[in-house]
Amino acid sequence: MVCYTQKIWAILKSYLSISRLSPFMNEFTGLELSPKKIEYIKYIQEQKGLVKTTDISSQFKVDPSTITKTVSELSATGLIQHMPYRGISLTEQGRIYAEFLIRRHRIISLVLTHYGLSPDEACIAVSRFEGRVTREVVDKICTSLGHPTMGVCGKIQHDKCCCPAGD
Ligand SMILES: [Zn+2]
Ligand SMILES: [Zn+2]
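Mapping the sequence shown onto our numbering, position 110 (from 1) lands on 102, and the numbers just tick up by one.
See below:
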């Protein structure tokens, strides 16, 4: 009987694959995604609407079948929602994560421009390793820089964790 209840619960959980149940819900370290997935999440965030798998495959010049596989992996994390025949959008948790990804990129690239790199050089250099930098490190650098609002490739937004004052 117990086993049966557990099975039903497991099925329910998979149907209700809402962000509440995803590993990203409360705490994330920033090390969860591969470099490609980071770029896809940032791309979906920038589109401000529903994105098709074909949009992603043409943007990144990747085979559509590969994108389909990656999209279903991302759906399983709870960061995106894929509605068949309509498109892909970020979940609330996905938006929070995407904002972190963008802030991480812009904070680290800002630091590199203080050490001799041009804005373009900094952007390119950072995109090669940003996925390995934890949220804790980004928040510390962000705080030590005084939570800058302008990065070399766009505005920087700060979440409540980074700026407890909440501005
Ligand atoms: Zn950049
Ligand atoms: Zn900050």
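Every residue gets a Cβ at the ideal spot worked out from N, C-alpha and C, and that includes glycine.
When the beta-carbon positions are compared, H150 and S119 stay at least 9 Å from each other.
Remark: C-beta atoms of C154 and V130 approach each other more closely than 9 Å. When DSSP reads this structure, L82 sits in a beta bridge with I72. With a threshold of 8 Å, the Cβ atom of G143 counts as near ligand 1, since some heavy atom of the ligand is closer than that. Closest in C-alpha terms to P27, from the list Q37, L93, G86 and S64, comes L93.
Each residue's CA atom was taken as its position, placing G41 and K34 some 13 Å apart. By DSSP's assignment, V43 forms a beta bridge with I80. Cβ atoms of S49 and P56 come within 8 Å of each other, at about 4 Å. An exposed status is given to K152, since fewer than 16 other beta-carbon atoms sit within 10 Å of its beta-carbon. Per the C-alpha coordinates, the member of R127, E91 and K132 positioned closest to G146 is E91.
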